Structures are given as C-alpha cells and as structure tokens.
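Chains A and B, in that order, give the protein sequences. Sequential numbering of the first sequence, starting at 98, is according to the numbering used here. Sequential numbering of the second sequence, starting at 8, is according to the numbering used here. Backbone N, C-alpha and C define an ideal beta-carbon position, used for all residues, glycine too. Please read all numbers here as calculations on a predicted model, not as lab measurements.
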Amino acid sequence: NAGVTQTPKFQVLKTGQSMTLQCAQDMNHEYMSWYRQDPGMGLRLIHYSVGAGITDQGEVPNGYNVSRSTTEDFPLRLLSAAPSQTSVYFCASNTGEGGTEAFFGQGTRLTVV
Amino acid sequence: LAKTTQPISMDSYEGQEVNITCSHNNIATNDYITWYQQFPSQGPRFIIQGYKTKVTNEVASLFIPADRKSSTLSLPRVSLSDTAVYYCLVGDLDTGRRALTFGSGTRLQVQP
C-alpha cells in the first residue's frame with residue numbers, strides 16, 4: 098500500500114495564480130483532511146471530509162476549496178494564491194475507527210511569490 | 008478542546024531514556040491523549056494514544072496519572088534517529104477522527 102500520496106512535492110506560484118494540490122489514499126479511509134504548517138509551528142486544519150460528497154471547514158479555510166467525489170481523492174484548490182499561503186501542506190486520512198490515529202502524506206511545500 | 012503545554016525543546020544523548028511531559032489541566036472526561044512524532048520534511052506520525060494509567064507499544068510508553076491533568080511520553084534508549092518534534096494532542100475520539108489540534112510541540116535533539 099502506498100498510504101497517503103501528495104503531489105506535487107514542491108510548487109512555486111505567482112500571486113493570483115490558482116492551483117490544485119492532489120491527495121490520494123489507498124486505505125479506503127472515510128475521513129480525510131488538509132493541514133498547513135508554517136515554519137516552527139504546529140499544523141492547522143484547513144478543511145476536512147467525513148466521506149465522499151461531504152466536506153466541512155476547519156480552522157483556516159479562507160482562500161481554499163475542497164471537494165470529495167471519491168473515497169480515494171481529496172484535492173485542495175487555491176483560488177487566488179497569496180504570499181500568506183506560503184506553507185507546507187499535509188493531507189491526512191483516518192479510518193474513523195481508531196480514534197486519533199491519522200496517516201499523513203509527505204507534504205507539499207508551496208511558495209507564493 | 009483542552010489546551011496543552013509542553014516544553015519547547017529537550018536535549019538528550021544516545022542510549023538515554025527521554026521523558027516528555029505534557030500538561031492539560033482542563034482535559035474533559037471524553038478526551039484521549041495522543042502523541043505524534045514529526046521528522047523534518049515529513050508528515051506527522053502517530054506514536055501512541057491513551058486514556059488513563061499506562062499504555063505501551065513497540066515505540067514508546069505513555070503514562071497518565073489518575074487525575075489525567077498531565078501525561079508523559081517515555082522513549083526508551085533513544086538514538087539519533089529519534090531526533091524529531093513530538094506533539095501532545097488532547098481531544099475526544101469523534102473530533103479526533105475529523106480534526107487534530109496540534110500545538111508547537113517539543114523539539115527533541117539527540118546527540119551522540
């Protein structure tokens with residue numbers, strides 16, 4: 098099993114550009130979520146999903162959109178990139194049965210110039 | 008969500024036992040305590056989860072006193088590869104399935 102796969106690993110955007118960060122998991126997990134991590138900080142929740150077709154906002158949702166059309170995929174869209182969105186983005190999945198044991202991807206390092 | 012307080016950083020040497028304490032004075036009855044490990048340039052990795060007393064797995068032990076207002080993650084005989092940031096999280100399982108709340112963590116540096 099590959100676990101949680103994020104693409105791309107690195108990305109540089111110009112202010113105002115849009116892009117989609119991809120996240121896929123092959124563990125048939127119902128729960129998926131997106132976090133951002135700024136330098137020296139903990140992770141902050143952007144959006145999450147409890148199943149296909151169901152998404153909700155986390156702590157810092159502004160400037161981001163998500164959709165969940167399949168159990169496997171949970172893409173994160175940046176609508177109009179801003180320098181404040183420079184961060185490392187992590188996708189995670191959870192079975193929903195084991196409580197707080199989540200599986201994280203390797204991250205996408207995004208720089209907005 | 009219960010707020011957690013843990014040391015910003017700790018230093019240790021290879022072969023020593025490391026104990027990282029987390030304070031969570033306003034922990035709720037339904038809350039569990041979870042620890043994650045994060046290496047540089049990687050996503051966090053689940054280490055251990057507990058509710059009370061002691062939990063042990065192949066990686067670490069988690070000690071929780073009766074009042075549950077604090078917890079201690081114990082790493083036996085650390086090696087250089089244990090250098091990482093360790094996060095203490097507190098919350099109920101239903102919320103934890105959807106959303107994890109991370110603080111700033113404890114940066115553990117293991118030296119030869």
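Item, Value
"Would DSSP call L107 of chain B helix, strand or coil?", "coil"
"For Y186 of chain A, tell me which candidate among A:G196, A:T104 and A:E169 has the shortest Cα-Cα distance.", "A:T104"
"According to the neighbour-count rule (16 or more other Cβ atoms, all chains shown, within 10 Å of its Cβ), is I55 of chain B buried or exposed?", "buried"
"So, under 8 Å CB-CB, C120 of chain A and V147 of chain A are touching, yes? Tell me the CB distance rounded to an integer number of Å.", "That belief does not hold up - the Cβ atoms of C120 of chain A and V147 of chain A are roughly 15 Å apart, past 8 Å."
"To which residues of the same chain is V163 of chain A closer than 6 Å at the C-beta, ignoring the five residues directly before and after it?", "H144, T152 and L173"
"Can you check DSSP and say which residues form a bridge with S115 of chain A?", "Answer is none; S115 of chain A lacks a bridge partner."
"Consult DSSP for D99 of chain B and reduce its assignment to one of helix, strand or coil.", "strand"
"Taking the runs of the alpha helix (DSSP H) that are 4 residues or longer, which of them lie wholly in the region 181-210 of chain A?", "none"
"Let me make sure I understand the geometry here. Which of B:E24, B:P47 and B:R105 has the alpha-carbon closest to that of R141 of chain A?", "B:R105"
"Around the C-beta of S133 of chain A, are 16 or more other C-beta atoms found within 10 angstroms, so that it is buried, or is it exposed?", "It is worth fixing the name first, because residue 133 of chain A is Arg in this sequence and not Ser. Under this definition R133 of chain A is a buried residue."
"Closer than 7 Å by beta-carbon distance: list the chain B residues that pair up with F187 of chain A, in chain order.", "G50"
"Under 9 Å, CB to CB, which of the residues in the region 121-145 of chain A have a partner in chain B?", "E127, Y128, S130, Y132, Q134, G137, M138, G139, L140, R141, L142 and Y145"
"Which residues, taken in chain order from the region 190-209 of chain A, show a beta carbon closer than 9 Å to some beta carbon of chain B?", "N191, T192, G193, E194, G195, G196, T197, E198, A199, F200, F201, G202, Q203, G204 and R206"
"Would DSSP call D74 of chain B helix, strand or coil?", "coil"
"Any idea which residues DSSP pairs M129 of chain A with across the strands?", "A:S146 and A:S190"
"Nearest to D135 of chain A by CA position, among B:G110, B:T63, B:N26 and B:P119, is which residue?", "B:G110"
"Are A199 of chain A and F53 of chain B close, meaning C-beta to C-beta below 8 Å?", "yes"
"If you draw a straight line from the alpha carbon of P51 of chain B to that of Q44 of chain B, how long is it in whole angstroms?", "5 Å"
"Could you list which residues in chain A have their beta carbon closer than 8 Å to that of S111 of chain B, in chain order?", "G137, M138 and G139"
"Return helix, strand or coil for L82 of chain B, following the three-state DSSP convention.", "strand"
"At what residues does the beta strand (DSSP E) containing K61 of chain B begin and finish?", "T60 to T63"
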